[in-house]
Amino acid sequence: MAPGTGETPQLTRAHRVLIGMVVFGAVVIAGTGFAGSYAAVRELALKKGFGDFSYVFPIGVDAGVGVLLALDLLLTWIRIPSPSYARLPGC
């Protein structure tokens, strides 16, 4: 199949196995990152006096990061650039 012909490439078994390995690796990395982030942010929230709210606060922080990343990807996909701070007056 020639590039640019508009044909959809067919996935072989090897491709599907590789995709599965990548997805599994991404889940492991995300889980490890979430666990470390949760522990660190919860400990900080306890030190700052959040009390029982310290159990859910890290989830809100990580969810916020995910939502903002998704927003950035969406805006990039629909070709709305992120703001350029160099264009602000005084910069």
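Here the sequence shown is numbered in this note's numbering, starting from 26 and rising by one per residue. Don't be surprised by glycine CBs; every beta carbon is placed ideally from N, CA and C.
Inset, instruction - Return the chain-ordered list of same chain residues with a C-beta closer than 7 Å to the C-beta of VAL86, the five sequence neighbours on each side being excluded. - result: Locating residue 86 in the sequence shown gives position 61, counting from the first residue. Taken in chain order, the residues that qualify are VAL66.
Inset, instruction - Rounded to whole angstroms, what's the CA-CA distance from ARG104 to GLY58? Just pull it up for me. - result: Start at 1 with the first residue of the sequence shown, and residue 104 comes out as number 79. Start at 1 with the first residue of the sequence shown, and residue 58 comes out as number 33. About 30 Å.
Inset, instruction - Tell me whether PRO34 is buried or exposed, calling it buried when 16 or more other Cβ atoms sit within 10 Å of its Cβ. - result: The count along the sequence shown starts at 1 and reaches residue 34 at position 9. Exposed, by the Cβ-count rule.
Inset, instruction - In the DSSP assignment, find the unbroken alpha helix (DSSP H) run with THR57 in it and report its ends. - result: Stepping through the sequence shown from its first residue, residue 57 is reached at position 32. Run containing THR57: 38-72, per the alpha helix (DSSP H) assignment.
Legend entry - Whether ALA70 touches SER79 by CB criterion (8 Å): Indexing the sequence shown from 1 puts residue 70 at position 45. Indexing the sequence shown from 1 puts residue 79 at position 54. Going by C-beta atoms, ALA70 is nearer than 8 Å to SER79.
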